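K.L.:
Chains as they are written, first to last, in the working numbering: chain A, 1190 to 1302; chain B, 109 to 220. Just so it is clear, CB atoms sit at the ideal spot from N, CA and C, and this is done for glycine as well. Here the structure is a predicted model, which is why all the values come from computation and not from measurement.
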Amino acid sequence: DAGVTQTPRHEVAEKGQTIILKCEPVSGHNDLFWYRQTKIQGLELLSYFRSKSLMEDGGAFKDRFKAEMLNSSFSTLKIQPTEPKDSAVYLCASSDRAAETLYFGSGTRLTVL
Amino acid sequence: QQQVRQSPQSLTVWEGETAILNCSYENSAFDYFPWYQQFPGEGPALLIAIRSVSDKKEDGGFTIFFNKREKNLSLHIKDSQPGDSATYFCAASGTNAYKVIFGKGTHLHVLP
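#1: So what's A:G1231 in DSSP terms, helix, strand or just coil?
#2: Pull up the distance between the alpha-carbon of B:L129 and that of B:I209, whole angstroms please.
#3: Taking all protein chains shown into account, do 16 or more other C-beta atoms lie within 10 angstroms of the C-beta of A:T1227, making it buried, or fewer, making it exposed?
#4: Out of B:T203, B:Y133, B:A194, B:D187, which has the shortest C-alpha to C-alpha gap to B:W122?
#5: In this structure, how does DSSP classify A:A1249 when only helix, strand and coil are distinguished?
#6: I'd like to check one pair, A:L1235 with A:K1217: are the Cβ atoms closer than 7 Å?
#7: Can you give me the Cβ contacts of B:H215 inside the same chain, cut-off strictly under 6 Å, excluding the 5 residues immediately before and after it?
#8: In whole angstroms, what separates the C-alpha of A:F1254 from that of A:E1213?
#9: Using the DSSP secondary-structure output, state which residues sit across from B:E166 in a beta bridge.
#10: Who are B:F147's beta bridge partners in DSSP?
#11: Ordered along the chain, which non-local residues of its own chain (more than five positions away) have a Cβ less than 6 Å from that of A:R1298?
#12: Would you call the region 1272-1292 of chain A in contact with the region 169-185 of chain B, where contact means no fewer than 3 C-beta pairs closer than 8 Å?
#13: Give the list of continuous beta strand (DSSP E) stretches no shorter than 3 residues that lie fully inside the region 1255-1299 of chain A.
#14: Give a yes or no on whether the C-beta atoms belonging to A:I1209 and A:T1300 are separated by under 7 Å.
#15: Do you know how far the Cα of B:K165 is from the Cα of B:Y140?
#16: Which residues in chain A have a C-beta closer than 9 Å to the C-beta of B:Y206? List them in chain order.
#17: Quick one: residues in its chain with C-beta nearer than 7 Å to the C-beta of B:Q189, no 5 flanking neighbours on either side, listed in chain order?
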């Protein structure tokens, strides 16, 4: 079985640009999560979808971050406009039982100049 | 209330020793505690987990000891190997099972 696939692995953006990160969850999983990982803040939940419905939109991340689930096998995270403080690793995870076991992708490392 | 704290931040042990990683939490409503292992360039992967009704969980060389009264738990890695060198995250969740709260991690270095 294929795991969670994230593309691209690395992204470099200029301040103010729009970037779109992509995620393909494990086939058959109903729950999809977007996390941001930094050394200082650790792992922070950005968005949570259950059966394609947005259940959690990340509170403080709402204004410039938008996650969408186009179908059960594809999700995107748009950051618009990007700021240098957005530099981090963005992780996508899926689960078949509400986060009891999270299956993470390898992440996208975003650098905003 | 929502925090999960891990110590130490970094731990170095020799091959064959038992590594002990500590975790504490504040929210009494947490009832599920997974530990995730992360290697550089990869996402975290579930290693072992325990529910608050148990006080010990073993899986291979990994053991979780859980103390509900003290609100802390520890992960023991027996006979550590260089391949166990990674970052280990303690996490917790409760009523809202999807809201997994992660600790900041412990970087484990196992020296040959």
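P.N.:
A quick look at the data gives this:
#1: Counting from 1 along the first sequence, the entry for residue 1231 of chain A is found at position 42. Strand.
#2: Taking the first residue of the second sequence as 1, we reach residue 129 of chain B at position 21. Taking the first residue of the second sequence as 1, we reach residue 209 of chain B at position 101. Distance between the alpha carbons of B:L129 and B:I209: 17 Å.
#3: Against the first sequence, residue 1227 of chain A aligns to sequence position 38. By the neighbour-count rule (16 or more Cβ atoms within 10 Å), A:T1227 is not buried but exposed.
#4: As a working note, residue 122 of chain B is residue 14 in the second sequence. Out of B:T203, B:Y133, B:A194, B:D187, B:D187 has the C-alpha closest to the C-alpha of B:W122.
#5: Sequence index remark: in the first sequence, residue 1249 of chain A carries index 60 (1-based). Note: A:A1249 maps to helix in three-state DSSP.
#6: Residue 1217 of chain A sits at position 28 when you count from the first residue of the first sequence. Residue 1235 of chain A sits at position 46 when you count from the first residue of the first sequence. A small correction: the amino acid at residue 1217 of chain A is Gly; Lys does not occupy that position in the sequence shown. Not a contact, by the Cβ cut-off of 7 Å.
#7: Reading the second sequence from its first residue, position 107 is the one you call residue 215 of chain B. Excluding residues within five positions, the ones whose Cβ falls inside 6 Å are S118, T195.
#8: Position 65 of the first sequence holds residue 1254 of chain A. Position 24 of the first sequence holds residue 1213 of chain A. C-alpha separation (whole angstroms): 18 Å.
#9: Residue 166 of chain B sits at position 58 when you count from the first residue of the second sequence. DSSP, once it has assigned bridges, lists B:T171 as partnering B:E166.
#10: Numbered from 1 along the second sequence, position 39 holds the residue referred to as residue 147 of chain B. The partner list for B:F147 (beta bridge, DSSP) is empty, contrary to what the question assumes.
#11: As a working note, residue 1298 of chain A is residue 109 in the first sequence. Same-chain partners within the cutoff: H1199, V1278.
#12: No, the region 1272-1292 of chain A does not touch the region 169-185 of chain B.
#13: 1263-1268, 1277-1284
#14: For the purposes of this step, residue 1209 of chain A is taken as the residue at position 20 of the first sequence. For the purposes of this step, residue 1300 of chain A is taken as the residue at position 111 of the first sequence. Result no, Cβ atoms of A:I1209 and A:T1300 do not sit closer than 7 Å.
#15: Start at 1 with the first residue of the second sequence, and residue 140 of chain B comes out as number 32. Start at 1 with the first residue of the second sequence, and residue 165 of chain B comes out as number 57. Going by the C-alpha atoms only, they are around 12 Å apart.
#16: The residue you call residue 206 of chain B lines up with position 98 of the second sequence. The answer, in chain order, is D1220, F1222, L1234, Y1237, R1239, M1244, E1245, S1284, A1287, A1288.
#17: For the purposes of this step, residue 189 of chain B is identified with residue 81 of the second sequence, where counting begins at 1. Cβ within range, chain order: E123, V218.
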